[in-house]
Every structure is written in C-alpha cells, then in structure tokens.
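**Student:** Below: one structure in structure tokens.
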Amino acid sequence: MPDAYLSRWRERAALADKNRRLSDETLGELRSSGLLDLVCPRRAQPGVPGWPALVRSSRTAARACASTGWLISLVGGHAAIAARLNPSVEAKLYDDGTPQLFASASVGPGCKLSFEPEGMRVSGRWRFSSGIEHATWLILNAQCPNHPTADASTRFLVVVSKKEIAVLDSWDSMGMRATGSHDVMTPGLLVPHHEVFPLHEVFGPRPTGTASDYLYSVPIMPFITTSIIGPLLGCAEGAYELHLQALARQTTPPSVMALERVAHSGAQLTAASALFDSLLNRLHDSGLTRRALTAPQLSALKRDRSYLARQCVEAVRRLVEHSGASLMASDNPLHRHWRDLQTMAAHRDVHWDSAMLASATSELHCSL
C-alpha cells in the first residue's frame, strides 16, 4: 500500500528532518490511504487482523523516510487502544466523525496522577510524544499511589484531548527528527472517573466476539512493543539501497573490499528479514488462536527483536564507516538513515542488555 508514495516521501525526507516534523502533504497521504487506520476500530473491516499490515507497511515506508514509518507503526498503532476502552469512551473519541490520531508520552520528572473525589488529576511534563503535532488525543499512564484500588493496579491509563495540553518545542534529536516527539505539559487536568482505566485491564486479555480483530482482545503489549521492527528494518534496507546506488554512480569500479562489505551487509539484512517474518508470524499465530505467549516465549520475542535491531545497526555501520569522509555530510540521505537507525535502536523496546539477560535467565530456568 505505501509503495505509491515512496518517491514523494523520499523527496520530502530532508525537509521533514530539517523542520522536525512530517509535512501536511505526507500526513494527508497517510490519512487518505488508510495507513493510520490499519488497527482503528472504526475502519471498514474491523474483523480482519490489521497488525501485520501495520508493521509491514511501516517497514516499506521507512525505506524512504524512517519517521513516516514510525508514525504508521507506533503512533498509528495506538488506535487499537481505543477499541479496548469502554464503548462510551470510544464513542467520545470518534464522535465528530473526523480521522483521529493518538499520541502517547512517557512519564517524566514531576508527572503525577492523583485521585480526587471528582476524578483523576493529571499533572506534569510528559516526555517523547511522537506525532503530537498531528495528534488529536494523548494517551498517558502512570502510577497513582492514592487511588482506592492502587493495591490491585499500580498504573492507570487516561486519554486527554490534544486541545487541553501544551506542546513544548523540545525535540531536537540527532535522529528521527521528523517524528516531532516533543514533551507535553498537562496543567492539572481533571479526568472523570469513568474515563480512568487500570492499565492491566486495558492491556491484558479481554473478551471479544470471534469476528473481531484479535488485537482488541489478546494481551496487547507484545504487539505494541514489537511494532518497532517495521521502521527499524525498513530504515536499514533504505540505507543499503542508497549505498548500492552510490557505488553504481562511481566513475571507477568499486574495490574488492567494498564489494565484500556490500555482500556482508546484504547477508545480515537478509537474516534480519527472516527474523522479522518469524516475529510477525509468532505474534500473528498467537493472535489468531487467542493464545497469550508464555513467559519463555515472551523472553525469546524480546531477545529476537533486539537481535534484529543489532543486525540492522551493524549492517549499516559497516557501509557508513567505509563510505569516505567526503560523504559524511548532514544532507547525505545515507547518513540521515544512519542517524535515524541509531535513534530507533536506542529505544527501550529493543534494549540489548535487558533482553539478553531476561532470555538467558528464562532458558536456564526452563532447563532445570
């Protein structure tokens, strides 16, 4: 589906990087093509699993622009959360009939949820809200120590209108600049109690009809956290294609060493692609059978997506390190892909040490 737009997104990528946000033209294409609605509960075929298409589409888009792939996969994927809230809240989120986009943000210093008789008070500065400039709603979750049910649920989820928060001009990273992942301020917002949800109830297993998309019923965290492999692999593949094109334009034939590096990186990306398919198939099969992954399976999932990220980084690093000093310029698209890739690989969902430690511990325990 994204293939028709790749040449346009590739042409706009440099300006999007400079402006630290995707263009309105790109956002319009994402909306009109349905790429932001692949897991939306209001889409035309809600019974057809949308998650595999979401991740595959983000991979394709990221070959041209990693930030565009990120918006499809991670920001567009938040729409599935709306389908897991109660019907009245879902209706409120979509009541005006216009397309909706859900951003999220991480807990920052001073963030606070506080229980009051009239509702939940939401305060503080929340971090890294990808897509917030284009979003209509913001999803937040945090602990609320004074909540009457705090013993049963350590974290609570709320959805607030973009109109009620302040977006801070804080996102000035080295990579993934066009995601516009600014911090946001919630100035003591009061959310009614019926719009506050224990996080484990939203993200855990939920009853549903057999015709409904499995993403609305199975434990959702493995799907949300694995979506990152789409833009990661696509970005690396885009960098590899750019390097091949640069070699083909050389006036002199590439050296034997240069050809060896190309073959080595190509083999790594082929292996990463096979691992990508394995990860998607494991989760898709668990969704179709409405079967939650076991603890060892979850550990292996985290290990393998971290390994995929490591292979992508190594494959592109090899090409960048030997591309020559003259090509190390901010306007070189290969180096933009390289910066984007390193930024994504630093994400907690593909953190190497924690994933490998958990996997090894799980395997040792299972062998006893």
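Sequential numbering of the sequence shown, starting at 1182, is according to my numbering.
In this text, a Cβ means the ideal position worked out from N, Cα and C, and glycines have one as well.
Keep in mind that this is a model prediction, so the values were computed, not measured.
Who are the Cβ neighbours of S1480 in its own chain at under 7 angstroms, not counting the five residues just before and after it?
**Tutor:** Cβ within range, chain order: A1539, S1540, S1543.
**Student:** Does the stretch 1253-1261 come into contact with the stretch 1422-1430, if we say contact requires no fewer than three beta-carbon pairs (one atom in each stretch) closer than 8 angstroms?
**Tutor:** Cβ pair count under 8 angstroms is below three, so no.
**Student:** So, helix, strand or coil for S1287, using DSSP?
**Tutor:** Three-state DSSP puts S1287 in a strand.
**Student:** Does the distance from the CB of M1247 to the CB of L1187 come in under 7 angstroms?
**Tutor:** One detail in the question is off: residue 1247 reads as Ala in this sequence, not Met. Against a cut-off of 7 angstroms, the Cβ pair of L1187 and A1247 comes out as no contact.
**Student:** Should L1196 go down as buried or exposed, given a rule of 16 or more other Cβ atoms within 10 Å for buried?
**Tutor:** It counts as exposed.
**Student:** Are the Cβ atoms of I1401 and F1384 separated by less than 7 angstroms?
**Tutor:** For I1401 and F1384, yes; Cβs fall inside 7 angstroms.
**Student:** Could you check if V1220 is buried or exposed, using at least 16 other CB atoms within 10 Å of its CB as the buried criterion?
**Tutor:** With 16 or more other Cβ atoms within 10 Å, it is buried.
**Student:** So, helix, strand or coil for H1363, using DSSP?
**Tutor:** In this structure, H1363 counts as strand in the three-state DSSP scheme.
**Student:** Out of curiosity, what's the CA-to-CA distance linking L1482 and M1537?
**Tutor:** Answer to the nearest angstrom: the Cα atoms are 11 angstroms apart.
**Student:** Give the single residue among S1310, L1208, A1323 whose Cα lies nearest to the Cα of S1304.
**Tutor:** Nearest C-alpha to S1304: A1323.
**Student:** In chain order, which alpha helix (DSSP H) runs of at least 4 residues are fully inside the stretch 1327-1415?
**Tutor:** DSSP runs (the alpha helix (DSSP H)) wholly in the stretch 1327-1415: 1380-1384, 1402-1407.
**Student:** Output yes or no for whether 7 angstroms exceeds the beta carbon distance between W1251 and T1360.
**Tutor:** Taking 7 angstroms as the Cβ cut-off, W1251 and T1360 qualify as a contacting pair.
**Student:** Buried or exposed: where does S1342 fall if 16 or more other Cβ atoms within 10 Å of its Cβ makes it buried?
**Tutor:** S1342 comes out exposed.
**Student:** Can you check DSSP and say which residues form a bridge with E1297?
**Tutor:** Looking at the DSSP assignment, E1297 forms a beta bridge with G1300.
**Student:** Nearest CA to the CA of Q1281: which residue from E1299, A1243, R1223, W1307?
**Tutor:** Among E1299, A1243, R1223, W1307, the Cα nearest to that of Q1281 is on R1223.
**Student:** Using a threshold of 7 angstroms, state whether the C-beta atoms of L1545 and C1493 are closer than that.
**Tutor:** No, they are not a contact pair.
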